[in-house]
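Quick note on numbering: the numbering used here labels position 92 of the sequence shown as 812, and the sequence is numbered without any gaps.
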Amino acid sequence: MEHEIPVEIIHEVMVARGALTNAEQRALVMDLREIAKVAPPFSPMTGWGKPMSVKITAAGRFCWFSDRKGYRYIEAHPQTGNPFPPIPPLALAVWERFESRVPPDCCLINYYGEGARMGLHQDRDEADFGFPVVSISLGDPGLFRIGGVERKSPTRSFWLESGDAMALQAETRLAHHGIDRIKFGESALLPKGGRLNLTLRRVAPA
Ligand code: MD3
Ligand code: FE
Numbered sequence: 721m722e723h724e725i726p727v728e729i730i731h732e733v734m735v736a737r738g739a740l741t742n743a744e745q746r747a748l749v750m751d752l753r754e755i756a757k758v759a760p761p762f763s764p765m766t767g768w769g770k771p772m773s774v775k776i777t778a779a780g781r782f783c784w785f786s787d788r789k790g791y792r793y794i795e796a797h798p799q800t801g802n803p804f805p806p807i808p809p810l811a812l813a814v815w816e817r818f819e820s821r822v823p824p825d826c827c828l829i830n831y832y833g834e835g836a837r838m839g840l841h842q843d844r845d846e847a848d849f850g851f852p853v854v855s856i857s858l859g860d861p862g863l864f865r866i867g868g869v870e871r872k873s874p875t876r877s878f879w880l881e882s883g884d885a886m887a888l889q890a891e892t893r894l895a896h897h898g899i900d901r902i903k904f905g906e907s908a909l910l911p912k913g914g915r916l917n918l919t920l921r922r923v924a925p926a
């Protein structure tokens with residue numbers, strides 16, 4: 721993370737293409753493997769009683785969770801009951817590039833296998849929308865779609881590639897967004913293919 725990260729604005733989103741070098745991406749994937757060993761990825765239930773196609777786990781104090789009772793942030797792994805492991809320093813360094821006032825207290829880890837997608841939604845379970853959500857993409861490219869605060873607003877799409885980082889803040893913080901599809905098997909970063917997305921968040925008030 722010694723190098724400069726050029727930030728461009730794509731459809732009102734701050735995108736840092738190639739924020740992580742290949743070596744940094746490989747190092748981060750090794751950290752994520754260790755996290756997955758102690759906090760195994762799981763598929764949250766959707767409101768319709770079907771499991772999500774994306775598998776999730778987390779680092780830091782909080783993990784997002786969903787079941788028949790609704791969705792919320794939890795502080796213990798749903799299967800092991802253990803707290804989540806610390807957020808990898810490399811991910812913290814990416815957050816710091818965008819937000820230096822407070823550290824994140826959640827690093828949500830999404831895994832997209834072949835055919836996985838994430839429908840259009842808002843992230844509004846966090847206490848303070850004045851803090852950004854910072855995302856890091858690893859592995860196969862993902863087609864990111866972003867609309868407006870209102871669900872019916874028009875949407876725009878662009879591809880997120882391995883090593884890209886992005887910050888959602890200000891007018892985009894409450895925008896609807898999702899991942900339509902991935903190009904499975906295009907990247908060699910993950911031996912079994914697929915896409916990993918890290919979202920760094922501040923869940924509790926500062
Ligand atoms: C725009 N993840 O975990 S990251 C999520 O690639 C999520 O896995 C997607 O949406 C993924 O909730 C997109 C980019 C992202 C994250 C949070 C946002 C975009 C956002 C919050 C508000 C607006
Ligand atoms: Fe989201």
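Glycine included, each C-beta is placed from N, C-alpha and C at the ideal position.
Taking its Cβ as the centre, do 16 or more other Cβ atoms sit within 10 Å of residue i, making it buried, or is it exposed?
i, result
"Trp768", "exposed"
"Ala836", "buried"
"Met750", "exposed"
"Ala813", "exposed"
"Ile729", "exposed"
"Ser820", "exposed"
"Ala739", "buried"
"His841", "exposed"
"Ala847", "exposed"
"Thr800", "exposed"
"Ser882", "buried"
"Pro925", "exposed"
"Ala895", "buried"
"Trp815", "buried"
"Lys775", "buried"
"His723", "exposed"
Using alpha carbons as the reference points, say which of the options lies closest to residue i.
i, options, result
"Gly790", "Pro824, Glu819, Pro764 and Thr741", "Pro764"
"Thr777", "Arg922, Leu918 and Ala924", "Leu918"
"Ser661", "Tyr831, Met886 and Arg844", "Since the first and last residues shown for the chain are 721 and 926, residue 661 lies out of range."
"Val869", "Asp843, Met886 and Pro852", "Asp843"
"Ala779", "Ile755, Arg901, Ala747 and Arg871", "Ile755"
"Asp900", "Leu863, Ala890 and Pro925", "Leu863"
"Val727", "Ala885, Glu891 and Ala811", "Ala885"
"His731", "Arg893, Asn802, Pro808 and Lys903", "Arg893"
"Leu748", "Arg865, Pro852, Cys827 and Pro798", "Cys827"
"Pro771", "Arg817, Gly839, Ala887 and Ile866", "Gly839"
"Pro806", "Arg817, Cys783 and His897", "Cys783"
"Arg792", "Pro760, Thr766, Ser873 and Ile725", "Thr766"
"Ile725", "Phe849, Pro808, Phe818 and Arg788", "Phe818"
"Asp787", "Lys872, Phe762 and Arg781", "Phe762"
"Lys757", "Leu888, His797, Arg871 and Ala743", "His797"
"Glu834", "Phe904, Arg746 and Pro803", "Phe904"
*If we count Cβ pairs, one from each stretch, closer than 8 Å, do we get three or more for the segment 849–859 versus the segment 904–911?*
Flag = yes, the segment 849–859 and the segment 904–911 touch.
*At 4 residues or longer, and completely inside the segment 774–824: list those alpha helix (DSSP H) runs for me, N to C.*
Here the runs fully enclosed are 809–818.
_Test item, CB below 5 Å from any non-hydrogen atom of the ligand MD3_ = Listed along the chain, these residues meet the criterion: Asn830, Asp843, Val853, Ser855, Leu888, Ala895, His897, Ile899, Asn917 and Thr919.
*May I have a chain-ordered list of the beta strand (DSSP E) segments no shorter than 3 residues that lie completely inside the segment 846–903?*
Listed in chain order, the complete beta strand (DSSP E) runs (minimum 3 residues) inside the segment 846–903 are 853–859, 862–866, 876–880, 885–888 and 897–902.
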